[in-house]
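Visitor: My questions all concern the structure below.
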Amino acid sequence: MTWQESECDMEKLQDSDGIIFDLDGTLWDATEPVRVSWNKALKEYGREQGLPTDELSIDQIKGVMGLQIPEIGRKLFPSFSEEARSKIMERGGEIECEYLKKHGGILYPHVEKTLATLAQRYKLFIVSNCQVGYIETFFFAHQLEKYFVDYEHPGRTGLTKGENIQLIMRRNKLKNPVYVGDTLGDAKAAQVAGIPFIYASYGFGRVENYTEAMDSFEQLLGILS
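So the number in the working numbering is just where the residue sits in the sequence shown, counting from 1, plus 8.
Right under this line is the structure:
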């Protein structure tokens, strides 16, 4: 029996006591501000250090969404030293948080309306592979913090996504939450945590094993009803 067909996971889905969300590709699309920010950081540092400053494309950014920052640096700048990657990613993160705090990203359709409805029945959380300040900019720019109980990321803990999901579960005494995300890494993180995975197929990744799939955010209401 595949994970997709697991009756046990389906039963858990209908008896959830919390919903943990990924951020990029699930709740919003911030790829263009991220691309601009990292390219700016690349030019600043690259010119200073005599490194190549070829612009990153939007497809390159989408291809690394969901990974932890050090891994993103290795994939985008494979010929650079670890120090150079770290400097560029750190500066890029600062620039993107400054921009996103003011302008926000692109929320997927009906995100706030759906969150408001879900929050009446479930405790909501975010676990994302991001740096310190990134989730906070999402909250601030779109005024959505009121719907969430807690959040976590490796910028604060140094843990993997699966471990951060487990941390959220322990900290909030969740017995049967679900994880909602859009990438293979999200699916694997849910498996590590031992919880059902709902695949946001409109996001950045391709996933074959999941408990349920949705092609729009508001479909989550029907899946969890």
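By construction, the Cβ of each residue, glycine as well, lies at the ideal position given by its N, Cα and C atoms. Everything numeric in this text was worked out from a predicted model, so none of it was measured.
Could you spell out where the beta strand (DSSP E) holding tyrosine 207 opens and where it closes?
Guide: 205–208
Visitor: Out of Asp25, Leu35, Asp23, point me to the one whose CA is closest to glutamine 227's CA.
Guide: The shortest Cα separation from glutamine 227 among Asp25, Leu35, Asp23 belongs to Leu35.
Visitor: Any idea if glutamate 160 is buried or exposed, counting beta-carbon neighbours within 10 angstroms, 16 or more meaning buried?
Guide: buried
Visitor: Classify isoleucine 66: buried if its beta carbon has 16 or more other beta carbons within 10 angstroms, exposed otherwise.
Guide: exposed
Visitor: Residues in the same chain with beta-carbon distance under 6 Å from glutamate 104, minus the five sequence neighbours each way, listed in chain order, please.
Guide: Pro41, Val42, Ser45
Visitor: Assign arginine 55 to buried or exposed, taking buried as 16 or more other Cβ atoms, counted over all protein chains shown, within 10 Å of its Cβ.
Guide: exposed
Visitor: Count the other C-beta atoms from every protein chain shown that fall within 10 angstroms of the C-beta of glutamine 128, then say buried if there are 16 or more, exposed otherwise.
Guide: exposed
Visitor: Kindly indicate which residue of Tyr207, Gly58, Lys121 has the alpha-carbon position closest to the one of aspartate 32.
Guide: Of the candidates Tyr207, Gly58, Lys121, the one whose C-alpha sits nearest the C-alpha of aspartate 32 is Tyr207.
Visitor: DSSP puts aspartate 158 in a beta bridge; with which residues?
Guide: DSSP output for aspartate 158 lists Phe133 as bridge partner(s).
Visitor: Taking only the alpha-carbon atoms, compute the straight-line gap between glutamate 102 and isoleucine 114 and give it to the nearest angstrom.
Guide: 19 Å
Visitor: Here's the rule: buried if 16 or more other CB atoms are within 10 angstroms of the residue's CB, otherwise exposed. What is glycine 93?
Guide: It is worth fixing the name first, because residue 93 is arginine in this sequence and not glycine. Looking at its Cβ environment, which holds 16 or more other Cβ atoms inside 10 Å, arginine 93 is buried.
Visitor: Checking the sheet assignment: what are the DSSP bridge partners for glycine 189?
Guide: Tyr207
Visitor: Determine the direct distance from the alpha carbon of proline 162 to that of proline 60, and round the result to whole angstroms.
Guide: 29 Å
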